[in-house]
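Undergrad:
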Amino acid sequence: MSDHVYKQIKLTGSSTESIEGAVSNALAKAARSVKNMRWFQVIDTRGHIDNGKIAHWQVSIEVGFTLED
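All the letters of the sequence shown, read from the start, carry residue numbers 76 to 144 under the numbering used here.
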């Protein structure tokens, strides 16, 4: 078993549908340029209200990824 070193980044995703959608959107966008993502942790959840209804969800996450040799 090899030792791993992780780097963390903070992302905020949004979705008009759900909290899970906001996380998925953030991860999908990050996956275009960040390799070896291994885990995420939800840091903050909030939303935007328009006319008394939820307009969209915003979720901040920390993402850990392994550094390449």
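Note that CB positions come from ideal geometry on N, CA and C, so glycine has one too. As the structure is a computational prediction, the values presented were derived from the model and not from experiment.
Can you give me the Cβ contacts of I94 inside the same chain, cut-off strictly under 7 Å, excluding the 5 residues immediately before and after it?
TA: These residues qualify, in order along the chain: T120, W132 and V134.
Undergrad: Please state if the CB of I129 and the CB of G122 are separated by a distance shorter than 8 Å.
TA: Yes; because the gap between Cβ atoms is below 8 Å, this pair is in contact.
Undergrad: Could you please give the first and the last residue of the uninterrupted alpha helix (DSSP H) stretch that includes K104?
TA: Start and end: I94 to A105.
Undergrad: With a 10 Å radius around its C-beta and 16 neighbouring C-beta atoms as the bar for buried, classify I84 as buried or exposed.
TA: Burial call: exposed.
Undergrad: Quick check on H123: does DSSP put it in helix, strand or coil?
TA: DSSP places H123 in strand when its eight states are reduced to three.
Undergrad: Starting from V138, trace the beta strand (DSSP E) in both directions and tell me its first and last residue.
TA: K128 to T141 is the extent of the beta strand (DSSP E) around V138.
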